[in-house]
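Here is the structure we will look at.
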Amino acid sequence: MHRSRGPAVLSATALMSGMVALLAFNTAAAGMDQEMRSGAGMDRSGVNKVLAGWTPGPRLAGAEMMAKYGAPQEVTSDRIIWHNAGPYKRIMLTREELPHDFPITHLDYLEHTIAYNVPPDKTDEVHAFDASITIYRVAGELSARCDLESNNVLTLNLANDIVTGKKNVDDARKEFGEAVSDRTLGKPPANTMALQFQPAKGMASADREKVTIAGSSQRATGAAAPSGPVGTSGTSAPIKANNDAEIMALLIALDENEVHAAMTAQEKKVTGPILAYAKTLHQDHGKSIHDTQQLGLKINVTPTETAAVDQLHNKGAQQLAKIVPMSAADFGKAYVSTMAAGHREALQMLDQWQKAAQNEGLKQHLTTARQHLEMHLKEAEKLGGR
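Just remember that the numbering used here sits 530 ahead of the position in the sequence shown, which is counted from 1.
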């Protein structure tokens, strides 16, 4: 925020000192590594063309960020993003300006994000401190949004003080206002000039939470994830014996792909027999997911997501992405053909999983799943699927 609730009258010396302090902050990176300054995205002239159509505040912030951190890596008509700039995981400047009245009236459009894990029992306090803060625990991110980098630095420092128990919400809000006033008087506090703590590195602060649906797949941990077949192309190694946890996760992934495709078909408003087919697949594959989860609980095997499971998920997404842009009529035909081809391949995968499975209950479950796949394939072929 460019204004502050300081004394009614400020001396010219105080004003000049404040301006000098801000200028020093915004140009402190004169010795920054040239490779970082050059950026990997649009060059400065291109960014300036985009900024030319923005209002003065965001345009100034863009010039300041480029002067300090170099060219950004991402540029659109509405936002500009720098990655891994200085201590930040990300800096984002938006064309949109959001009115914000703490501690004085200003507009928010400049966001600084650090790698930081806010504990669940501290999120309410951090949010109560400043409404412009964003906490994304899954990515392990803490973001502050204002109109000046120094204000975001102050916000992040005070949020850290709340998390570490050094300050409560009221004290942090009071100190924020005082710091802004002091900075205007040419006495910028240290916590407005630089982060007073070391952010985490990479994804070290990420909080994936815990699976709560009983019997669901868990991520592989520890040793390198085993690989298994995701198709018939021969690009993946054959699934190894005694891999029941991975087999179950692969089956769940297969079913999840089919459920997603069936839901998309219904959202595209396909009609007639194709709609009925999509609803059948939705129900059958959804039930298969539930049955696999329950089987895991019964036989005490937790489905484990490995690289092969991720690959199968991705394959389903790639196939669906090819037909999503189509009209409802064209989508319906393509959906049926995709299901026909996909179920043929799925039958071959199930045969491999059946051979590798160790638990008798899992073997029987795979036999049942295969029967459903055969019925789905026959119906797809009746509907014209190739």
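Beta carbons are placed, not taken as given, at the ideal position from N, Cα and C, and that holds for glycine.
Relative to the alpha-carbon of aspartate 573, which residue among Ser662, Ala601, Leu842 and Ala597 has its alpha-carbon at the smallest distance?
By 1-based counting over the sequence shown, the position of residue 573 is 43. Per the Cα distances, Ala601.
Leaving aside the five residues before and after leucine 896 along the sequence, list all residues of the same chain whose C-beta is less than 8 Å from its C-beta, in chain order.
Position 366 of the sequence shown, counting from 1, holds the residue named residue 896. Around leucine 896: Ile777, Leu781, Leu880, Trp883, Gln884 and Ala887.
Around the C-beta of alanine 753, are 16 or more other C-beta atoms found within 10 angstroms, so that it is buried, or is it exposed?
The residue labelled residue 753 in the question sits at position 223 within the sequence shown. Summary for alanine 753: the model assigns pLDDT 38, below 50, so the residue's position carries little reliability, and this model does not support an answer.
First and last residue of the uninterrupted alpha helix (DSSP H) at tyrosine 639:
By one-based count along the sequence shown, residue 639 stands at place 109. Premise fails: tyrosine 639 lies in the beta strand (DSSP E), 636-645, not in any alpha helix (DSSP H).
Residues near alanine 736 by beta carbon distance below 7 Å, same chain, minus five either side:
Locating residue 736 in the sequence shown gives position 206, where the first residue counts as 1. The residues Val668, Ala669 and Gly670, in chain order, have a CB closer than 7 Å to that of alanine 736 in the same chain once the five nearest residues on each side in sequence are set aside.
Nearest-angstrom Cα distance between lysine 908 and threonine 742?
Here residue 908 is taken as the residue at index 378 of the sequence shown, counted from 1. Here residue 742 is taken as the residue at index 212 of the sequence shown, counted from 1. Using only the alpha carbons, I get a separation of about 36 Å.
Jot down the residue ranges of each uninterrupted alpha helix (DSSP H) in the region 653-685, minimum 4 residues, whole runs only, in chain order.
653-659
Taking a contact to mean a Cβ-Cβ separation below 9 Å, would you say alanine 591 touches leucine 628 in this structure?
Taking the first residue of the sequence shown as 1, we reach residue 591 at position 61. Taking the first residue of the sequence shown as 1, we reach residue 628 at position 98. Contact: no.
Using C-beta distances below 6 Å, list every residue in its chain close to valine 839, excluding the 5 sequence neighbours before and after it, in chain order.
Here the question's residue 839 lines up with position 309 in the sequence shown. Closer than 6 Å at Cβ, skipping near neighbours: Ala779, Leu780 and Ala783.
For tryptophan 883, does the three-state DSSP call read helix, strand or coil?
If you number the sequence shown from 1, residue 883 lands on position 353. Three-state result, tryptophan 883: helix.
Can you name, in chain order, every residue of its own chain whose Cβ lies under 6 Å from the Cβ of asparagine 787, other than the five neighbours on each side?
Numbered from its first residue, the sequence shown carries residue 787 at position 257. The residues are Gly846.
CB of lysine 852 to nearest heavy atom of the ligand COA: below 8 Å?
As far as ligands go, the structure on display features none, and thus does not contain the ligand COA.
For the 8 Å Cβ check, are there 3 or more pairs between the region 606-626 and the region 655-664?
Touching, no.
Going by C-alpha to C-alpha distance, which of Lys717, Gly716 and Asn721 sits closest to asparagine 690?
Translated into the one-based positions of the sequence shown, residue 690 becomes position 160. Among Lys717, Gly716 and Asn721, the Cα nearest to that of asparagine 690 is on Asn721.
Does the region 861-873 touch the region 794-802, meaning 3 or more C-beta pairs lie closer than 8 Å?
yes
If you follow the beta strand (DSSP E) that leucine 623 is in, where does it begin and where does it stop?
Residue 623 sits at position 93 when you count from the first residue of the sequence shown. Note, leucine 623: beta strand (DSSP E), 620-630.
On the CB-based measure, 16 or more other CB atoms within 10 Å of its CB, does serine 747 come out buried or exposed?
For this step, residue 747 is matched to residue 217 along the sequence shown. Flag for serine 747 reads buried.
Give the straight-line distance between the Cα atoms of alanine 944 and valine 648, rounded to the nearest whole angstrom.
A question about residue 944 goes unanswered here, because the residues of the chain that appear run from 531 up to 916.
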